[in-house]
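S.K.: Next up is a structure, given as structure tokens.
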Amino acid sequence: MFLERFFNYLQYEKRYSQHTLTAYKNDLLQFENFLTEFESDFLTVNHQQIRTWMITLLDDGIEARSVNRKISTLRAFYKFLVKEEILAINPVLKVQAPKVAKKLPAFVEEAKLITLLDSASVFESGFVGVRDKLILELLFGTGIRLSELLGLTISAIDLNSQTIKVLGKRNKERIVPINHSLVNQIKDYLRERLVVITDTNMTSFIVTEKGEQAYAKLIYRIVHRYLSLVTTQDKKSPHLLRHSYATSLLNHGADINAIKELLGHASLAATQVYTHNSIERIKTIYKQAHPKA
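Under UniProt numbering, think of the first position of the sequence shown as 1, with each following residue one higher.
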């Protein structure tokens, strides 16, 4: 079946994450259901039907950004079918995705995060409090993604060189520095971790109270709980701390190419979006400080 071959290609050759694979599967299932209205299928569809699907999604209130992602799924899918000679013509080639207004990445103000993380009363004593604080410190102090945090192993932590080895998108490794304060917090956490670990073969760095590997929903709950104390942002997610990390580095004069490497971006274009936040901050300072602003 060509669908199974496509997903094997994404998983084993392109090395896409499970999250991305699930998104692709959902997009294709939704598109397949839509095609039944035309008594069509993946192999008989034409570009007019794809355009109609796109317009229907927009009319249903789906954001242009989300529609673009679905069209990207179709592009990858039909490019694969043509490559495998299952189809002769790619029906997506004549489809132009809707334009998306540039959205600046949201972030939490540096001062608010520092106040939160330095508070002696916010985090409880014992394993849970130490772990929760470390999760926030790692996300804000290194800019790693949620999946990268969950993928950290004990062996990836090098306290002597003050670095962590991160496995990023498409299994690309990178080394990220950590500061002296974070080193001490990791030492505290490792001591507390010994108390809850029952499986001596557990290699995952971040674990639950039962000593099992941490999972995405747990990290989301932890981040949302503490960020609610300092921000009214709608999405209080781990990625918000990644944005905050990048924005703070730029505001303190870090070179954008260095930030690109630290974040594990494949291209500089992905990093440059953070410069807009930095420019907006400069404009605000100018308006507040200059007599003729």
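No residue lacks a Cβ here, since even glycine has one placed at the ideal position from N, Cα and C.
1. Just the Cα atoms here: how many angstroms apart are Ala76 and Asp132?
2. Per DSSP, which one or two residues make a beta bridge with Thr163?
3. Per DSSP, which one or two residues make a beta bridge with Thr153?
4. Go through the stretch 26 to 81 residue by residue and report every complete run of the beta strand (DSSP E) that reaches 3 residues or more, in order.
5. By alpha-carbon positions, which one of Ile154, Pro98, Tyr9 and Thr52 ends up nearest to Leu194?
6. Please list the segments of the alpha helix (DSSP H) lying wholly inside the stretch 107 to 134, counting only runs of 4 or more residues, in order along the chain.
7. Once DSSP output is grouped into helix, strand and coil, what is the label at Gln96?
8. Measure how close the beta-carbons of Ser144 and Gln162 come, nearest whole angstrom, since I'm counting them as under 8 angstroms.
9. Inspect the beta-carbon positions of Tyr24 and Thr56 and report whether they are closer than 7 angstroms.
10. Under DSSP, the alpha helix (DSSP H) around Pro238 begins and ends at which residues?
11. Got a sec? Which residues, its chain only, sit under 7 angstroms from Asn46 by beta carbon, not counting five neighbours each side?
12. Run through the DSSP bridge pairs and tell me what residue 302 is partnered with.
13. Alpha carbon to alpha carbon, what distance is there between Val128 and Leu262?
14. With three or more C-beta pairs closer than 8 angstroms as the rule, is the stretch 104 to 124 touching the stretch 227 to 243?
15. Taking the C-alpha atoms as reference points, what is the distance between Asn33 and Gln272?
M.R.: Answer, in terms of the structure:
1. For this step, residue 76 is matched to residue 76 along the sequence shown. For this step, residue 132 is matched to residue 132 along the sequence shown. If you take the alpha carbons of Ala76 and Asp132, they lie about 39 angstroms apart.
2. On the sequence shown, residue 163 is found 163 positions in, with the first residue counted as 1. Beta bridge pairing from DSSP links Thr163 with Asp158 and Pro177.
3. The residue you call residue 153 lines up with position 153 of the sequence shown. Secondary-structure assignment with DSSP links Thr153 through a beta bridge to Ser204.
4. Taking only runs of at least 3 residues, no beta strand (DSSP E) segment lies wholly in the stretch 26 to 81.
5. By 1-based counting over the sequence shown, the position of residue 194 is 194. Ranking the options by Cα distance to Leu194, first place goes to Ile154.
6. Runs of the alpha helix (DSSP H) inside the stretch 107 to 134: 110 to 118.
7. The residue labelled residue 96 in the question sits at position 96 within the sequence shown. Gln96: coil per DSSP, three-state reduction.
8. Residue mapping note: residue 144 aligns to position 144 of the sequence shown, counting from 1. Residue mapping note: residue 162 aligns to position 162 of the sequence shown, counting from 1. The sequence given here has Ile at residue 144, not Ser. The beta-carbon distance between Ile144 and Gln162, rounded to whole angstroms, is 15 angstroms. This is too long to meet the 8 angstroms contact definition.
9. Counting from 1 along the sequence shown, the entry for residue 24 is found at position 24. Counting from 1 along the sequence shown, the entry for residue 56 is found at position 56. No; because the gap between Cβ atoms is not below 7 angstroms, this pair is not in contact.
10. For the purposes of this step, residue 238 is identified with residue 238 of the sequence shown, where counting begins at 1. Per DSSP, Pro238 belongs to the alpha helix (DSSP H) from Pro238 to Asn251.
11. Translated into the one-based positions of the sequence shown, residue 46 becomes position 46. Within the same chain, Asn46 has close Cβ partners Pro91.
12. Here the chain comprises residues numbered 1 to 293, so residue 302 is not present and cannot be evaluated.
13. One-based indexing of the sequence shown puts residue 262 at position 262. One-based indexing of the sequence shown puts residue 128 at position 128. Those two C-alpha atoms are separated by around 28 angstroms.
14. A contact is defined here as three or more CB-CB pairs under 8 angstroms, and the stretch 227 to 243 meets this definition with respect to the stretch 104 to 124.
15. Indexing the sequence shown from 1 puts residue 33 at position 33. Indexing the sequence shown from 1 puts residue 272 at position 272. Asn33 and Gln272: Cα-Cα distance of roughly 38 angstroms.
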